[in-house]
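Peer 1: FYI, the numbering for the sequence shown is -19 to -1, 1 to 105, going by mature numbering (1 follows the signal peptide of the UniProt record, and there is no 0).
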Amino acid sequence: MQFSTLFPTILLGASFVAADYCTQALDPETRKSNTGFRFESVDNANWKWQSRDLQVVTTLNQNCQIHQGGGGGAFAATICIDFDGNYACWVTPAKNQVCDLVFEQNEAPIDVCKSIKNIWGWVA
């Protein structure tokens, strides 16, 4: 294998982050939360929600992976996402960990990250 094809192959593999699925919160709270989030686009592939009142940062990437950490404070224990008229909640990963958000409707997966309207969180 030539170096010119080996190097991009290594980079492609390095950009993938393996993560477990986030556990869906089956009995989510009503649409109230103890922290609201401000949205910020980090770049074309990553979005960040910074708590309005606490030092909590939740980051989502284009592959619908959620990361908890940053901001110097606690982390959100549960997040809820309003997407395309639907609403679902997930238990978030431990601080500085990553998990994949998956939502199924009629046994078909829906990419919730393409149509997020709002996000809420409950801090641990």
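Even glycine gets a Cβ: it sits at the ideal position worked out from N, Cα and C.
No experiment lies behind these values; they were computed from the predicted model shown.
Quick check on DSSP: helix, strand or coil for V93?
Peer 2: When secondary structure is reduced to three states using DSSP, V93 falls in the helix class.
Peer 1: Tell me, which residues are paired with G50 by DSSP?
Peer 2: In the DSSP output, where bridge partners are listed per residue, G50 has none listed.
Peer 1: Does the beta-carbon of V93 have 16 or more other beta-carbons within 10 angstroms, so that it is buried, or is it exposed?
Peer 2: So V93 counts as buried.
Peer 1: Could you tell me which residues DSSP pairs with T4 in its beta bridges?
Peer 2: As computed with DSSP, T4 is found in a beta bridge with V72.
Peer 1: Does the separation of the CB atoms of W101 and F18 fall below 9 Å?
Peer 2: yes
Peer 1: Leaving out five residues on either side along the sequence, give the residues of the same chain with a beta carbon under 7 Å from the beta carbon of D65.
Peer 2: S96
Peer 1: So, are the CB atoms of Q49 and F56 less than 9 Å apart?
Peer 2: yes
Peer 1: What does DSSP give as the partner residues of F20 in its beta bridges?
Peer 2: W30
Peer 1: Applying the criterion that 16 or more other CB atoms from any shown protein chain within 10 Å of the CB defines a buried residue, is V37 buried or exposed?
Peer 2: buried
Peer 1: Measuring only the C-alpha atoms, how far is I91 from L7?
Peer 2: 17 Å
Peer 1: Tell me whether D65 sits in a helix, a strand or coil according to DSSP, three-state version.
Peer 2: coil
Peer 1: Taking the alpha-carbon of N44 as reference, which of W28, S32, T59 has the nearest alpha-carbon?
Peer 2: W28
Peer 1: For N87, collect the residues of the same chain with a Cβ closer than 7 Å to its Cβ; drop the 5 residues on either side in sequence, then sort them by chain order.
Peer 2: none
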